[in-house]
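Each remark here refers to the structure printed beneath this line.
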Amino acid sequence: MSYKSLKEAISCTQTQQSSKFHYQDVLQTILVILAIIIGLGIVIGMPIFLIIYSEPPPTKFSVVKASIVRFNLASSNTLYYNFMVTITAKNFHSNIESYNKVTAIASYNGNQLASVKLAPFKISSKNIDTLEPIVFKGNTLMIFEPQQLVEYNKETQLGIYNLDFDLDLNYSDYHIHCPSLRVPLISNGKVAPTFNVTTCSYMDDRN
């Protein structure tokens, strides 16, 4: 092989190697760009996906008003009561929430006072609705333990009673619990203390 032919062969080999290295650089650059695009897509797209497809929180129930007209314990251990509770419901969903079977339950010192069946109601989509006031009126046998009787007498002096309020919705699948409501007594012409709005907890009994 002549010197000229050898020189041409070496030059051709160098050109091929240079082309190979250039191809590898281009491929590596493309892979890096693709990785960056995919990463950005995940970072940007994941929050959007979660916002669009995540389930909204359950309906939020709150007790906004509550007052007692009568809460007297007779010598026969009969408790005579008359009080009212007003609640609001905030629907986070885009559809109307319907509740066809509703039972309101009031308790005192761990003992159920009464239950009231409510008319079916609907909550507008992405809105806060105020339900009709729920009235509990009647009497029940209430036998207190000594400490419970002490607590009752203290609350009577203060004019504020601690009541528990619950809602069973849609055949008891959904349960709303509003514990320790400090409900003021408004009888005898006295100025009642302000009732503090209380947010209720939500439980799904199907789980």
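Here the sequence shown stands for residues 1 to 207, where the numbers follow UniProt numbering.
Just so it is clear, CB atoms sit at the ideal spot from N, CA and C, and this is done for glycine as well.
For this session: Note down, in chain order, each residue of its chain lying with its Cβ closer than 6 Å to the Cβ of Ile37, except the 5 sequence neighbours on either side.
Result: none
Exercise. Taking the alpha-carbon positions, what's the Lys126 to Leu181 distance?
Worked result: 27 Å
For this session: Give every residue of the same chain whose Cβ lies closer than 6 Å to the Cβ of Ala35, excluding the five residues on either side of it in the sequence, and list them in chain order.
Result: none
For this session: Over the uninterrupted alpha helix (DSSP H) stretch that includes Lys154, give me the two end residues.
Result: Pro146 to Leu158
Exercise. Going by other Cβ atoms of all chains shown within 10 Å of its Cβ, with 16 needed for buried, is Leu31 buried or exposed?
Worked result: exposed
Problem set entry | Reference Ser62, options Pro193, Cys178 and Leu185, closest by Cα | Cys178
For this session: Evaluate Ala104 with the Cβ neighbour count: other Cβ atoms within 10 Å of its Cβ, from every protein chain shown; 16 or more gives buried, anything less gives exposed.
Result: buried
Problem set entry | Within 8 Å, strictly: CB atoms of Leu113 and Thr140 | yes
Exercise. Taking the Cβ atom as the reference point for each residue, do Ile96 and Ile123 lie within a distance shorter than 8 Å?
Worked result: yes
Problem set entry | Sub-8 Å separation of Phe83 and Val183 beta-carbons | yes
Exercise. What whole-angstrom Cβ distance do Asn170 and Lys117 have, given they're in contact under 8 Å?
Worked result: Not a contact, Cβ separation roughly 13 Å.
Problem set entry | Opening and closing residue of the beta strand (DSSP E) in which His175 lies | Tyr174 to Pro184
For this session: Let me know the secondary structure DSSP gives residue 281 once reduced to three states.
Result: An answer regarding residue 281 cannot be provided, because it is not within the stretch 1 to 207 covered by the chain.
Problem set entry | Burial state of residue 250 (16 or more Cβ within 10 Å) | Absent from the structure is residue 250, since the part of the chain shown begins at 1 and ends at 207.
Exercise. Opposite Val64 in the DSSP bridges: which residues?
Worked result: Looking at the DSSP assignment, Val64 forms no beta bridge with any residue, so it has no partner.
Problem set entry | Coil, strand or helix - Leu40 by DSSP | helix
Exercise. Can you find a heavy atom of the ligand COA that lies under 7 Å from the Cβ of Phe92?
Worked result: By its list of ligands, the structure shown contains no ligand whatsoever, and the ligand COA lies outside what it can speak to.
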